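Here is the structure we will look at, set down as structure tokens.
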Amino acid sequence: RWKRSVYQLLWKHMIVYGIVFISLSILYKHLLNETGRKNFRVIAEHCTGYSRSINLMIMLGFFTSTAMQRLFTMQTTIPGTGSNDHRTICAVAALVVDFMFQISLSATKKTISGSVCVGKCRCYCLLTEEERNVLEDPHKTDPTTPRPLVVIDWMLLLLKETFLQNRFFMDFNYLKNVDILMAYKKSCGNTIKFANQNISPALVQAVILAVYCFGCVTVMARTFAKEEEAPTSHALIAYVPLMPAMQFFIYFSWLCFGKAAVDPFGDDEDDINVKDLVKSHIENAKRLKDLYNRQLSDVFPALPQREYNDSAQL
Amino acid sequence: RWKRSVYQLLWKHMIVYGIVFISLSILYKHLLNETGRKNFRVIAEHCTGYSRSINLMIMLGFFTSTAMQRLFTMQTTIPGTGSNDHRTICAVAALVVDFMFQISLSATKKTISGSVCVGKCRCYCLLTEEERNVLEDPHKTDPTTPRPLVVIDWMLLLLKETFLQNRFFMDFNYLKNVDILMAYKKSCGNTIKFANQNISPALVQAVILAVYCFGCVTVMARTFAKEEEAPTSHALIAYVPLMPAMQFFIYFSWLCFGKAAVDPFGDDEDDINVKDLVKSHIENAKRLKDLYNRQLSDVFPALPQREYNDSAQL
Amino acid sequence: RWKRSVYQLLWKHMIVYGIVFISLSILYKHLLNETGRKNFRVIAEHCTGYSRSINLMIMLGFFTSTAMQRLFTMQTTIPGTGSNDHRTICAVAALVVDFMFQISLSATKKTISGSVCVGKCRCYCLLTEEERNVLEDPHKTDPTTPRPLVVIDWMLLLLKETFLQNRFFMDFNYLKNVDILMAYKKSCGNTIKFANQNISPALVQAVILAVYCFGCVTVMARTFAKEEEAPTSHALIAYVPLMPAMQFFIYFSWLCFGKAAVDPFGDDEDDINVKDLVKSHIENAKRLKDLYNRQLSDVFPALPQREYNDSAQL
Amino acid sequence: RWKRSVYQLLWKHMIVYGIVFISLSILYKHLLNETGRKNFRVIAEHCTGYSRSINLMIMLGFFTSTAMQRLFTMQTTIPGTGSNDHRTICAVAALVVDFMFQISLSATKKTISGSVCVGKCRCYCLLTEEERNVLEDPHKTDPTTPRPLVVIDWMLLLLKETFLQNRFFMDFNYLKNVDILMAYKKSCGNTIKFANQNISPALVQAVILAVYCFGCVTVMARTFAKEEEAPTSHALIAYVPLMPAMQFFIYFSWLCFGKAAVDPFGDDEDDINVKDLVKSHIENAKRLKDLYNRQLSDVFPALPQREYNDSAQL
Amino acid sequence: RWKRSVYQLLWKHMIVYGIVFISLSILYKHLLNETGRKNFRVIAEHCTGYSRSINLMIMLGFFTSTAMQRLFTMQTTIPGTGSNDHRTICAVAALVVDFMFQISLSATKKTISGSVCVGKCRCYCLLTEEERNVLEDPHKTDPTTPRPLVVIDWMLLLLKETFLQNRFFMDFNYLKNVDILMAYKKSCGNTIKFANQNISPALVQAVILAVYCFGCVTVMARTFAKEEEAPTSHALIAYVPLMPAMQFFIYFSWLCFGKAAVDPFGDDEDDINVKDLVKSHIENAKRLKDLYNRQLSDVFPALPQREYNDSAQL
């Protein structure tokens, strides 16, 4: 229950906030002389005035909901291998899937940092020795061309050759396969676009800055009651900053969700797990390769149609 | 009228809110001594100040409307069997539909808890003995593969065999059927994505926490009139918390709708009824199986075209 | 100009609001004794405080804009017959259209109440005697199957038979027609979904309740000036409730538009007129039936191509 | 720079606002006696209180952004001829385009008033004498049928005849052309829907009314300083209504953009220019007619392929 | 880190804001006499009142989020060459791509000013001498026709001729190519529409004006404490305008992102780099031209299939 909870996300900030608030209260009550307390009061009231007039929540609301909508759109368009490979009925299937990891990875390379090396190794294992040589040999492959495009080119050549050798059930299949390959490329391209042309970092910076400023303002802001006859309550208010912490908590948590939605390839629990995605692609590839060589009768040996078919073939 | 009404949703919270509010009023008026009442007043005024400055409603508004938009999108993309099966003109139809319950169920398994066992049993009844064996036998089916994908594989094999045996009206039908199957798979996948990669639970937690905090603040917040000459009104205000309850009511109801939109597979009246969905799939499957073997003349024996056709065939 | 104007929508509420407000003013000024006036003042000030802190407008804004976006989406996806029938080049066209009224009607049956009987009658007139018998005979049609699905089944059978009798210009036409029929069914299904899985009635209830509460609060809320030397102005403010009425007017009108967007099949001027929709479907069906039997030369007897064609045919 | 600027849009209202504000200031300072000034003060303070509590901006924000989103959606779906005609490879092209003006015009007829006559004339010029007769003759064309549908019918007949006479390069072209024609019809229909089932006029009315009321309130609202020792500043505030005008300016300009987005076929500079649209359609039609009869070698006489082709043909 | 940061965007405005604020503080404290200070105080308090009642943030929020949503939509629909050219299997490919730069450029010509000349030159280099002559010769090309449409016409003629000469693998390829070309044209057209029918400049003007006005109001607005016993704090508040600057910072930065989203073809770091886009198009064209003439065996000389194919061909 601790994982993926909002407490895990915010406890550090909340503790720092509480400590600073209580320190300021102690400073005011016990350490400052009369002049210092007057100065403190003036600044605190100045802060109080502003803590209520800043329309930060509206800005945060629009920011986070815009970021979330982009994320949801992206989630539904992220390429899966499933819709792609079942139809590549010729033996291309396994190879195609292998190279696709390349694309997926290079799409996320810029946003993930730690897991790149691992991922890269695993992908290179999927390549044969020869393929790797071609990819890395500057004489055979123009080094300025993006790697995934090279792989797409190989696949196009493969499909063309398969077509020229008449390996498709129907001629129409060739066009279908090229269509699917192009759709996959576009889908990968959109994921790359999402990662690269994302919400401007300056906007994220501005929102973060504003929220931290707001935190500083609320930590300072306090009202000073005229009547000094209720010391218990006043001590409670001064040393248990429930209300201002709650205010800050709302802003800060909302900011966290916005930031998480802006960068979905990170290491948080809610983020898209790139390694798992790659793993499931590998497993899909193996499954599809198997499927290509199987018959329905391998799975269900005693199908009623079978007899009929056998007799029809005779 | 009680069912699906907002009163049913909120009455428990409203009663608790009222009791706490009135208890605090009694505490203040009759139980506390002079010092206690002063302390009470200070805290109440502190709460009043914050109850107006917390921009909770904006956060709630964006949260609930974002959750609702996701839900509406999901509702229109949830797979129905209709668009799928009418065209599976060969005998595959009924079998295909049977297995689809599997997919639908596993898609929602994580969110529904109570109805899983029931649903699973019913689905297994749809499977033949042999199919169940294959699914559960670790030698025949890789246990790490998701069950629905196994069924999709079977269907792909079936379609391939049907094509190879030349059972389609037209060759083009084979591609159409594979397309429809893949579209159905993608549609199921999107429903699973919706259930798994939903709005972060931490966000839901944060919003709930904020609303409950707000409730505590408003239940404490009260203003103390200087003039003590209108005891009736003051008693009314103190013991009939209409206004603060209404404030809390707005926030809390809005939160409820947001929560309901986040988790549409629950047991509420407005939620998607998974059991009914499965039932209607079963009925559709039966209807389509019947349809495959029927002729227009079975329904309308005396169609005018009939004679013409008969004469043309002679 | 009176029709479809906001005045027509709101005048009743505005008059009631004005009468209550003025009655309360008279009560305060002329009927209450000193103690009563004090009590009145306390309650009025209590209300004033809350009338400004309730974030009702934000809730209303999100509610109405969410409802409107759903409505706009629905409007663009509501099925028209046009895109459907032009291509059903065989004689199926007219029959198909006839039955479609069934679907449209049953889709909206739950939301329209008064016009159902009329509509049903008109639709049944479109059915032949035999069709009606089949639909209503429990032996021929399973009574639990939804009626529109029965009609869709008939159409599928018709298309299959037409295909088997080789009545299409091209084989490909058969698939096209099935596609169009399925798309039409899905489109009807979405309209039904919109009507059934609409915004939760509890949410509508909550919003309505909140707005009426707000109205009660503002009708009571008033400020009492200290200086009693400007009787004319004070009378004006007390007896001409322009400002609070305007406040309530904004909230209430916004609520009205939200409610109208939630239920677009009602009797308002802006609502979708189901009867007119059915009428235009009937006319379209007739027009298309005529079109099927016409030649371009029937409309333009003296086309230049004609001669060329005639000579080519010789 | 004056054109399409916000100043052009708002200067009239701003001047009226300024004059009224200054007149009221003069009235208060120089024309009223002591009783009048007291009354004025009471009303002004009453207005000030309400000018801050009316949540008009939220209503306006949702209204304008909803209207703009609808407009943007419409802009991307408004039919262009380009994607349509290039493929009508037979001689139908020019005729088809001609009639399309009809549709476009009738789609916008209800919203444009002044330019209808001009547009209609120009369109009728595009029709031949015979076509116009058929359209206007009640014996040949049912007068209740919408004119554009008649033209669509003609085109369908034309395509059918072209197909029956085997004028298409490929049979498949016929279906493509019908598809494109239907898509064009649907696209026109959506534009008509946008114009007819637009945001309810009552909603626009309500928003306009609210903004004007708000203007009246702010023009009256003013605060009266206690200290009378700063006559210059007070005069400045009374006679140079910068602040309230700015407040009103924000509301009013936002209203203007909302209104403009609701009705995009008007005479504003930002509106869709229907006349230019029709003109560009005419030019496109001419260009496409020319293109149909041209060869690549007409444009580039010395293409290298040419020789090869000539030799291949020999 | 300085690039693309929010500080780079805002530092100029922030410095000007600070200087003006401090100057006004000095003016008040040291330069004005008693009357002047009274006047200053009155105006400052007037500004303070308005600085809190202007609902600017809501306007800004809707403005920026609307602009961003449009931008995101545009980013995903901007035409890439990839999905287009792979399939133009005949030699048309390179030529097609060349001309497409024309379209891309003319689409953005109106928004980019400095880089037009450069881009135009580079594009003209891609054209052969003859092509340029045809484009610029008023006798051969109607000067009123948009240049990109001329190029599209050439491509259509090319495709038609290729089809007539039977150069496609399959007949169906011709239709596919025309489809892709039309989709590309539509996609370019949408980008042009985005640039031309963008958010109204008057709206941008209004928002900018409102933010600058708000800046002026906040720079003037200040509260004057009654107690003069805390000179340090008061000096701090008067000379270190952290709070009002932060307020202005939020508004101004939000405005900047809105403006950037309205005009995405500018010179900012986040904007779409038109020159890079053109460069990548050129490189793609070269790569595809190479690909057309290559075989899979050129890349992988020792493929296992090869032997099988060779033996099959024998």
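Protein chains in written order, with the numbering used here: chain Y, 5 to 318; chain C, 5 to 318; chain U, 5 to 318; chain H, 5 to 318; chain B, 5 to 318. Note that beta-carbon positions come from the ideal geometry of N, C-alpha and C, so glycine has one too. Predicted model, so just to flag it, every value in this text is computed and none were measured.
Among the options, the one whose alpha carbon lies nearest that of residue i
i, options, result
"residue 24/B", "254/B, 169/B, 258/B, 249/B", "249/B"
"residue 220/C", "236/C, 210/C, 252/C", "252/C"
"residue 20/Y", "262/Y, 245/Y, 168/Y, 259/Y", "245/Y"
"residue 388/B", "165/Y, 40/Y, 183/Y, 78/Y", "It is not possible to answer for residue 388/B, since the shown part of chain B is limited to 5 through 318."
"residue 217/Y", "291/Y, 167/Y, 55/Y", "55/Y"
"residue 13/C", "299/C, 291/C, 259/C", "259/C"
"residue 158/U", "299/C, 9/C, 16/C, 10/C", "299/C"
"residue 47/H", "237/H, 226/H, 291/H, 266/H", "226/H"
"residue 239/C", "73/C, 185/C, 30/C, 165/C", "30/C"
"residue 184/H", "160/H, 34/H, 22/H", "160/H"
"residue 186/B", "223/B, 38/B, 163/B", "163/B"
"residue 265/Y", "34/Y, 74/Y, 170/Y", "74/Y"
"residue 241/U", "33/U, 18/U, 11/U", "33/U"
"residue 247/H", "49/B, 18/B, 26/B, 22/B", "49/B"
Neighbour-count burial assignment, residue i, 16 or more Cβ in a 10 Å radius
i, result
"residue 243/U", "exposed"
"residue 51/B", "buried"
"residue 71/U", "buried"
"residue 302/B", "exposed"
"residue 294/B", "exposed"
"residue 59/C", "buried"
"residue 44/Y", "buried"
"residue 16/U", "exposed"
"residue 181/Y", "buried"
"residue 167/C", "buried"
"residue 42/H", "buried"
"residue 11/Y", "exposed"
Cβ-Cβ separation, residue j to residue i (assumed contact under 8 Å), whole Å
i, j, result
"residue 215/U", "residue 255/U", "5 Å"
"residue 67/B", "residue 262/B", "5 Å"
"residue 9/C", "residue 206/U", "6 Å"
"residue 28/Y", "residue 223/Y", "7 Å"
Any C-beta of chain E under 8 Å from that of residue i
i, result
"residue 42/Y", "The displayed structure is made up of protein chains Y, C, U, H and B, and chain E is not among them."
Cβ pair count under 8 Å reaching 3, the segment 204-213 of chain U against the segment 53-69 of chain U: yes
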